[in-house]
Amino acid sequence: MRLNVLLSSVVLIVGCAQQQGQSQSDEYDQIGLSASASSACCVTLKELDYEQVDFSGEYWLNINSQSQVVRLETGTTFVHGMKLPDADKDISVQVSSYIQDSVFVPSIVVLDSNYNVVDYIADETIQYQARSLLSPERYYGAFDLPKSYSDNREPSYLLVITTDQQLNTKTPKEKPSQDAIRSGDVSANIIENTEAYTLHASTGRVLVDIDFDDSHTEVAIQRREDSIAKVTGTSAIVTLPVDKNETDTAAELLQNSVDMSAEGMMNQLIVKSVKLGELDQALLYLEEANSRGYRSSKEVYLKALQSQLSND
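Residue numbers (the working numbering): 56 to 367.
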């Protein structure tokens, strides 16, 4: 029953109707709400570009004004598509969208091999999660994709979207600690004494953790064959990577922090939080980076902190 109700809300409208005139406030223009409406509409689900998922691990999605656009019953939205592997068992998925000055609130549409909707994961699963000792403030959800659904259709693609309903909603800012208020922290006192909120954006970065047995994928098999070739002398000489020297310059660290890898994306969140003066949030990002084994994040944090202190 849940699936039938949800699927009815994400049926694709093939072809694009004329955009209806609609005035948007400045605050929503700033977060890109009107950008998707003004973008050249639209691609069909079959025409969409899909990122191939070959390995278990982290996938940082950068959904921006250059992303493709689809029109669903839930609204016109920028989208990131992912092509799932042919897994032997269930696929575990975790979705995180971190809250800063705005937030992209994701929903997940699951398609079969014929690009038909077979599941929809939205706010009943992906929910607001307050800041904790181990995690920054974010929208987070975890779910499993079965090998096949009850009608024998298999999950083949994921769409990461947001909806008109989410774009017209705001998330109240988390109340600061009493220690922060007593310390005289300006931002903490503003949040405490006003109805502060975070705007929902049509663009943003989403972290998708995908866990499955990837040992039988074609890419994994080729990787094993290449590894065997390296130690049996049937491949060219390989130059082993060398760890970077501890004397990396601040410029090099900042360059590292703007790459598009999972580690680089997390470093960007750290740097931005430090610049905003949200050191507690920056430390939570650093804690999460450490738990994921990111080696550069501590140095990025320290350099960002040093730079901020020198500017004050």
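Quick reminder that beta carbons are idealized off the backbone N, C-alpha and C, glycines included.
Note that the structure is a prediction, hence the values are computed from the model and not measured.
Beta-carbon proximity of residue i to residue j, cut-off 8 Å
i: Ser162; j: Tyr195; result: no
i: Pro201; j: Asp156; result: no
i: Leu103; j: Val125; result: yes
i: Val164; j: Val158; result: no
i: Glu192; j: Ala185; result: yes
i: Ser351; j: Leu341; result: no
i: Leu166; j: Leu100; result: yes
i: Ile154; j: Thr218; result: no
i: His255; j: Val329; result: no
i: Thr224; j: Tyr183; result: no
i: Ile118; j: Gly319; result: no
Span of the alpha helix (DSSP H), counted from its first residue to its last, around residue i
i: Lys38; result: No answer is possible for residue 38: it lies beyond the span of the chain, which begins at 56 and ends at 367.
i: Val326; result: 317-330
i: Leu222; result: 219-222
Boundaries (first-last residue) of the beta strand (DSSP E) holding residue i
i: Lys353; result: No beta strand (DSSP E) holds Lys353; the alpha helix (DSSP H) holding it covers 352-366.
i: Tyr170; result: Here Tyr170 belongs to no beta strand (DSSP E), and DSSP marks it neither H nor E.
i: Glu38; result: The shown model of the chain, from 56 to 367, leaves out residue 38, and the question about it has no answer.
i: Phe267; result: It is not in any beta strand (DSSP E) - Phe267 carries neither H nor E in the DSSP assignment.
i: Phe110; result: Where Phe110 is concerned, there is no enclosing beta strand (DSSP E), given that its DSSP letter is neither H nor E.
i: Pro227; result: 225-227
i: Ser147; result: 146-153
i: Thr132; result: 130-138
i: Gln184; result: 182-184
i: Arg208; result: Neither: Arg208 is in no beta strand (DSSP E) and is coded neither H nor E.
i: Val125; result: 123-127
i: Ser162; result: 162-166
i: Leu254; result: 252-255
Counted within 10 angstroms of its Cβ, other Cβ atoms place residue i as buried (16 or more) or exposed
i: Leu189; result: exposed
i: Tyr349; result: buried
i: Glu128; result: exposed
i: Leu364; result: exposed
i: Gln361; result: exposed
i: Asp174; result: buried
i: Gln323; result: buried
i: Asp84; result: No answer about Asp84 holds up, because its pLDDT of 44 lies below 50 and its placement is not dependable.
i: Glu301; result: In this prediction, Glu301 has a pLDDT of 38, which is less than 50 and means its spatial position is unreliable; what the coordinates show is noted afterwards. Result: exposed.
Nearest-angstrom Cβ-Cβ length linking residue i and residue j, presumed shorter than 8 Å
i: Leu213; j: Val134; result: Going by Cβ atoms, the distance from Leu213 to Val134 rounds to 10 Å, so no, they are not a contact pair.
i: Ser257; j: Thr132; result: 7 Å
i: Gln123; j: Ala197; result: The Cβ separation is near 26 Å, so there is no contact.
i: Glu209; j: Ser168; result: 7 Å
Nonlocal neighbours in the same chain, by C-beta distance under 7 Å from residue i, ignoring five residues either side
i: Ser111; result: Ile265, Asp266, Phe267, Asp269
i: Cys71; result: Residue placement at Cys71 is poorly supported in this model, since its pLDDT is 43, which falls under 50; the coordinates still yield a value, given next. Around Cys71: Cys96, Cys97, Arg126.
i: Ser203; result: Glu209
Spatial neighbours of residue i in its chain, beta-carbon cut-off 8 Å, leaving aside the 5 residues before and after
i: Tyr114; result: Glu106, Val108, Met137, Leu262, Val263, Asp264, Ile265, Ala317
i: Ile325; result: Ser312, Ala337, Tyr340, Leu341, Ala344, Ser352, Val355, Tyr356, Ala359
i: Met321; result: Tyr340, Glu343, Ala344, Arg347, Tyr349, Ser352
i: Lys327; result: Gln155
Cβ shell of residue i (< 6 Å), same chain only, five flanking positions each side left out
i: Ala251; result: Lys228
i: Asn366; result: none
i: Ser78; result: Legend: pLDDT at Ser78 = 37, less than 50; position of this residue unreliable, no value from coordinates given.
i: Gly130; result: Thr218, Asp219
i: Ile176; result: Ile163, Phe198
i: Gln121; result: none
i: Tyr170; result: Leu100, Lys101
Cutoff 8 Å: residue i Cβ touching any chain C Cβ
i: Val355; result: Structure shown: chain C not included; a single protein chain is present.
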